[in-house]
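Engineer: Per the working numbering, the very first residue in the sequence shown carries number 164; after that it's consecutive. A single structure is presented below for examination.
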Amino acid sequence: MKKIILNDPETRSADVVAENLEHLKVLFPEAFTEGKVDFDVLKQLLGGAADEREEKYGLNWHGKRQARQLALTPSTGTLRPCPKESVDWDTTKNLMIEGDNLEVLKLLQKSYAGKVKLIYIDPPYNTGTDFVYPDNYRDNIRNYLELTRQIDGENRKLSSNTEASGRFHTDWLNMMYPRLKVARSLLAKEGVVAVSVDDVEESNLRKLCDDIFGEENFIAQLVWKSRISEDTRATTGFSSDHEYIICYAHDEGTAFRGAEKDTKKFSNPDNDPRGPWRSADLTGLATRAARPNLHYDLIDPETRVDYGCPPKGWRFEPATMDKKILEGRILFPDSGKGRPRHKLFLNEMKSLFKNLSSVLTGFSTADGTRELNQLLGAGAFAFPKPTALVRLLTEQITTERDIVMDFFAGSGSTGHGVLQQNIVDGKNRRYILVQLPEILDSSDKDQGAAASLCDRLGRPRNICELTKERLRLAVRDISVANPMCDADLAACRTNTESKT
C-alpha cells in the first residue's frame, strides 16, 4: 500500500458530487441540459422508481439535508506526516491520524475507497454532555465552540447538549450522518461497519444506518453485557448492564464467520472409510400437515423392528432414507428400544462454524479499564472498550492484510485489539485510527487525571497524545511477550499523521 506523504495528490479528498454527476450523465445523458440535471426528464426516465410522495417512511430531522450535503463537500485540508512521533515509520502500514474525523475520512477516499474490511466505532454516547466535532474545517476547536456559542471568549462553557435544548437527538444525528455516509465509501464490498451505542440513540442509529447502508444490509444488533456490578445511580428499578453493537454490511449477503463447532465429538470407532463421524438426530421438524412425505413408519430391514413415526416426522423422505440405510449411515438401536439416529461425517459438513449468539458476555468495560490502567495508569479514560470486543469483531470479519478502521479512536482499544489478534492467529492486519485532538481540561473532574498524565509525559494536553502513547506501549508489551514474532511486528508499528 502506498505510504501517504506530504502534498501527495491522493491526500486531497475526492469531489463526490462531480463524480456522481459524471456517473449520472453516462447513464442518462438526455437528463442533462446545459450541464444541469433536468429532474422532470430524469423522473420520466426512472418511471415508477421515482417516489414523489410528500410523506415517506424513514428517519427525518432538522438538518438532515445539510448533513447529507456536508458529506458530499470536498475537504479543504491535507495530511501532514509526523515521522518523529511514529514507531518504525519506514516499515509500518498502520496509521494514527489526528484531526476531525469527517475531514480525514474525505481525505482518505482516494487511497482507501473500497479497501476497509471492518469499521468499528465507539462514538460519543448522547448523554447530555458536549461532544465536540467541528464541521467547519477552517476553524480550530475553540473558534468552533465560540461560533456555536458553546463557550465565550474566555473559554467558559455556555451550553451543553441537554434534553431541554430541543435539539438533543438532532445534534447527535447531524454529527453522525455525514461521517457514516463518507465511511461507507471506504468499506470493501465484503466489509462490515459495527457501531457501539446505548439505549438513548439505539433506535435512531438503526434508522440512520437503514438510510445509509440499506435495511437489507442489516446483519445483527448485538447485545453486550458491558457491566458487571449494579448501576446504583439507576432510578427505574433496573440496572442498565448492556450496550449494543449494531452491524451492517456494505452489500447484502455478507456475514460473520461464526463460532467454531466442537469437532471433538467426531470419532471413527468402526473404522468407517468415510472418516470421523458423530451420531446425529434423525427426527424431523415439520408437522404432518406441512410435510406429509416425512411422516411414515421407519422399519429396521434386518430386525424388522418398527420404530413408528415421531410427532414431527423424520429428517429424510422415504427414498433418501432407504438410500442411507443401504449406505450404512442409519444407526438402529441394538436393543430395539430408543430411536434411530444417523451418521454425520466431518468431511461432509457444509461448515466447521456455527452461528454466534447475539448476546455477548465474558468481557466488560471493567476489563477495558484494567487493560488501560496497566499501560497508562488510572483515570486516563472512562469506560474504555475492552480489546476482547475488538478482537472478536476482527476475528469474525477480517483475515490476512485486511484493514480495520476506527475514526472515533479514543483510548486506542481498536488498534491494540488488532495487534493482539494478529499475534493470536498470525495474520498481518492493519489499522487506521482517527481521533480529534480535543483539549483536556485539568480542572475538569473527568479529565483531570488524563491531563495530568499528558503533563507527566511532557506532551500537549489532548486526547490524541494518550491514544498514541497507549499504542506505543502496546507495541512494546507485545514485542516483549512475543520475541519470536519480532520479524512480523511491522504490522504492530504505527505511523502518525495529522491534518492541516
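Yeah, the Cβ is synthetic: ideal placement off N, Cα and C, and Gly gets one too.
For the segment 223-243 and the segment 341-352, state whether three or more C-beta atom pairs, one from each stretch, are separated by less than 8 angstroms.
Structural biologist: Output reads yes: the segment 341-352 touches the segment 223-243.
Engineer: Hey, leucine 599 and alanine 613: beta-carbon distance below 8 angstroms or not?
Structural biologist: Taking the sequence shown and counting its residues from 1, the one referred to as residue 599 is at position 436. Taking the sequence shown and counting its residues from 1, the one referred to as residue 613 is at position 450. No; because the gap between Cβ atoms is not below 8 angstroms, this pair is not in contact.
Engineer: Alpha carbon to alpha carbon, how far is glutamine 559 from aspartate 485?
Structural biologist: In the sequence shown, residue 559 corresponds to position 396, counting from 1. In the sequence shown, residue 485 corresponds to position 322, counting from 1. One C-alpha to the other measures close to 40 angstroms.
Engineer: Give the straight-line distance between the Cα atoms of aspartate 203 and threonine 417, rounded to the nearest whole angstrom.
Structural biologist: On the sequence shown, residue 203 is found 40 positions in, with the first residue counted as 1. On the sequence shown, residue 417 is found 254 positions in, with the first residue counted as 1. Roughly 37 angstroms between the two C-alpha positions.
Engineer: Provide the residue span of the alpha helix (DSSP H) that contains glutamine 272, from first to last.
Structural biologist: Taking the first residue of the sequence shown as position 1, residue 272 is located at position 109. Looking at the DSSP string, the run of the alpha helix (DSSP H) that includes glutamine 272 is 272-275.
Engineer: Just to confirm my understanding: we take cysteine 372, look at its own chain, exclude 5 residues before and 5 after, and list those with CB closer than 6 angstroms. What are they?
Structural biologist: Position 209 of the sequence shown, counted from the first residue, corresponds to residue 372. Closer than 6 angstroms at Cβ, skipping near neighbours: Tyr411.
Engineer: What span of residues does the beta strand (DSSP E) with lysine 352 cover, start to end?
Structural biologist: Along the sequence shown, one-based indexing puts residue 352 at 189. 350-360 is the span of the beta strand (DSSP E), which, as asked, contains lysine 352.
Engineer: If you run the structure through DSSP and keep just helix, strand and coil, what is serine 430?
Structural biologist: Mapped onto the sequence shown, residue 430 falls at position 267. Strand at serine 430.
Engineer: Return helix, strand or coil for isoleucine 462, following the three-state DSSP convention.
Structural biologist: Within the sequence shown, the letter at position 299 stands for residue 462. Reduced to three states, the DSSP call for isoleucine 462 is strand.
Engineer: Pull up the distance between the alpha-carbon of phenylalanine 546 and that of leucine 461, whole angstroms please.
Structural biologist: For this step, residue 546 is matched to residue 383 along the sequence shown. For this step, residue 461 is matched to residue 298 along the sequence shown. Computed Cα separation, rounded: 59 angstroms.
Engineer: Using the beta-carbon count (16 or more within 10 Å), is threonine 577 buried or exposed?
Structural biologist: Here residue 577 corresponds to residue number 414 of the sequence shown, with the count starting at 1. Flag for threonine 577 reads buried.
Engineer: Mind checking aspartate 263: buried by the 16 CB within 10 Å criterion, or exposed?
Structural biologist: Taking the sequence shown and counting its residues from 1, the one referred to as residue 263 is at position 100. So aspartate 263 ends up on the buried side.
Engineer: Output the residue ranges of the beta strand (DSSP E) runs that lie fully inside the segment 391-460 and measure 3 residues or longer, sorted by chain position.
Structural biologist: Segments of the beta strand (DSSP E) lying fully in the segment 391-460: 405-412, 440-444.
Engineer: Contact between the segment 488-504 and the segment 349-363 is defined here as three or more beta-carbon pairs at a separation below 8 angstroms; is this criterion met?
Structural biologist: No, the segment 488-504 is not in contact with the segment 349-363.
Engineer: Any contact of the segment 259-277 with the segment 602-611, i.e. 3+ C-beta pairs under 8 angstroms?
Structural biologist: No, because fewer than three Cβ pairs between the segment 259-277 and the segment 602-611 fall closer than 8 angstroms, the two stretches do not touch.
Engineer: Can you give me the C-alpha to C-alpha distance between isoleucine 602 and cysteine 617, rounded to a whole angstrom?
Structural biologist: The count along the sequence shown starts at 1 and reaches residue 602 at position 439. The count along the sequence shown starts at 1 and reaches residue 617 at position 454. Approximately 11 angstroms between the Cα atoms of the pair.
Engineer: Could you tell me the alpha carbon to alpha carbon distance between lysine 428 and arginine 441, rounded to whole angstroms?
Structural biologist: Position 265 of the sequence shown, counting from 1, holds the residue named residue 428. Position 278 of the sequence shown, counting from 1, holds the residue named residue 441. When rounded, the distance between both Cα atoms is 6 angstroms.
Engineer: Would you mind sorting asparagine 570 into buried or exposed? The rule is 16 or more other CB atoms within 10 Å of its CB.
Structural biologist: Within the sequence shown, residue 570 is the residue found at index 407, counting from 1. Going by the sequence as given, residue 570 is phenylalanine instead of asparagine. The residue is buried, with at least 16 neighbouring Cβ atoms inside 10 Å.
Engineer: Taking Cβ positions, are isoleucine 408 and alanine 357 nearer each other than 8 angstroms?
Structural biologist: On the sequence shown, residue 408 is found 245 positions in, with the first residue counted as 1. On the sequence shown, residue 357 is found 194 positions in, with the first residue counted as 1. Taking 8 angstroms as the Cβ cut-off, isoleucine 408 and alanine 357 qualify as a contacting pair.
Engineer: Using C-beta distances below 7 angstroms, list every residue in its chain close to aspartate 178, excluding the 5 sequence neighbours before and after it, in chain order.
Structural biologist: Mapped onto the sequence shown, residue 178 falls at position 15. Contacts found: Pro237.
Engineer: Check for me: the beta strand (DSSP E) holding lysine 280 runs from which residue to which?
Structural biologist: What you label residue 280 is simply residue 117 of the sequence shown in a count that begins at 1. That run of the beta strand (DSSP E) goes 279-284.
Engineer: Could you work out which residue in Lys256, Lys517, Ala541, Ser642 is closest to glutamate 423 when comparing CA atoms only?
Structural biologist: For the purposes of this step, residue 423 is taken as the residue at position 260 of the sequence shown. Nearest of Lys256, Lys517, Ala541, Ser642 to glutamate 423, Cα basis: Lys517.
Engineer: Report back the beta-carbon spacing between glycine 447 and glycine 476 to the nearest angstrom; my notes put them in contact at under 8 angstroms.
Structural biologist: Start at 1 with the first residue of the sequence shown, and residue 447 comes out as number 284. Start at 1 with the first residue of the sequence shown, and residue 476 comes out as number 313. That belief holds up - the Cβ atoms of glycine 447 and glycine 476 are roughly 4 angstroms apart, short of 8 angstroms.
Engineer: Please state the DSSP three-state secondary structure of tryptophan 252.
Structural biologist: Along the sequence shown, read from residue 1 onward, the residue named residue 252 stands at position 89. Correct three-state label for tryptophan 252: coil.
Engineer: So if DSSP puts arginine 596 in a beta bridge, which residue, or which two residues, is it bridged to?
Structural biologist: As a first step, residue 596 is located in the sequence shown; it is residue number 433 there, counting from the start. It should be noted that the sequence gives leucine, not arginine, for residue 596. Leucine 596 is bridged to Met259, Asp569.
Engineer: Tell me the rounded alpha-carbon separation between threonine 254 and proline 246.
Structural biologist: As a first step, residue 254 is located in the sequence shown; it is residue number 91 there, counting from the start. As a first step, residue 246 is located in the sequence shown; it is residue number 83 there, counting from the start. Roughly 12 angstroms between the two C-alpha positions.
Engineer: Leucine 575 and proline 549: beta carbons closer than 8 angstroms?
Structural biologist: In the sequence shown, counting from the first residue as 1, residue 575 sits at position 412. In the sequence shown, counting from the first residue as 1, residue 549 sits at position 386. It is worth fixing the name first, because residue 575 is glycine in this sequence and not leucine. No, they are not a contact pair.
Engineer: What runs of the alpha helix (DSSP H), each 4 residues or longer, lie entirely inside the segment 523-568?
Structural biologist: Entirely contained in the segment 523-568, the alpha helix (DSSP H) runs reaching 4 residues are, in chain order, 528-539, 550-560.
Engineer: Spatial neighbours of histidine 579 within its chain, please: C-beta separation below 6 angstroms, excluding the five flanking residues on both sides.
Structural biologist: Within the sequence shown, numbered from 1, the residue matching residue 579 stands at position 416. The answer, listed in chain order, is Thr550, Ala637.
Engineer: Are the beta-carbon atoms of lysine 388 and leucine 222 separated by less than 8 angstroms?
Structural biologist: Residue 388 sits at position 225 when you count from the first residue of the sequence shown. Residue 222 sits at position 59 when you count from the first residue of the sequence shown. Going by C-beta atoms, lysine 388 is not nearer than 8 angstroms to leucine 222.
Engineer: Confirm, please, whether the CB-CB distance from leucine 281 to threonine 561 is below 8 angstroms.
Structural biologist: Within the sequence shown, the letter at position 398 stands for residue 561. Within the sequence shown, the letter at position 118 stands for residue 281. Cβ atoms of threonine 561 and leucine 281: closer than 8 angstroms.
Engineer: Once DSSP output is grouped into helix, strand and coil, what is the label at aspartate 485?
Structural biologist: Along the sequence shown, read from residue 1 onward, the residue named residue 485 stands at position 322. Note: aspartate 485 maps to helix in three-state DSSP.
Engineer: What does the Cβ neighbour count give for valine 522, buried or exposed, with the cut at 16 atoms within 10 Å?
Structural biologist: As a first step, residue 522 must be located in the sequence shown, where it is residue number 359. Its Cβ having fewer than 16 others within 10 Å, valine 522 is exposed.
Engineer: How should glutamine 584 be labelled, buried or exposed, when 16 other C-beta atoms within 10 angstroms of its C-beta is the threshold for buried?
Structural biologist: Indexing the sequence shown from 1 puts residue 584 at position 421. Glutamine 584 comes out buried.
Engineer: Excluding sequence positions up to five away, which residues of its chain have a Cβ less than 8 angstroms from the Cβ of histidine 405?
Structural biologist: By 1-based counting over the sequence shown, the position of residue 405 is 242. Answer for histidine 405: Val386, Trp387, Lys388, Ser389, Arg390, listed in chain order.
Engineer: For leucine 205, which residues from the same chain have a beta carbon less than 7 angstroms from its beta carbon, with the 5 sequence-adjacent residues on both sides left out?
Structural biologist: Residue mapping note: residue 205 aligns to position 42 of the sequence shown, counting from 1. Cβ neighbours of leucine 205 beyond the five flanking positions: Phe191, Ala194.
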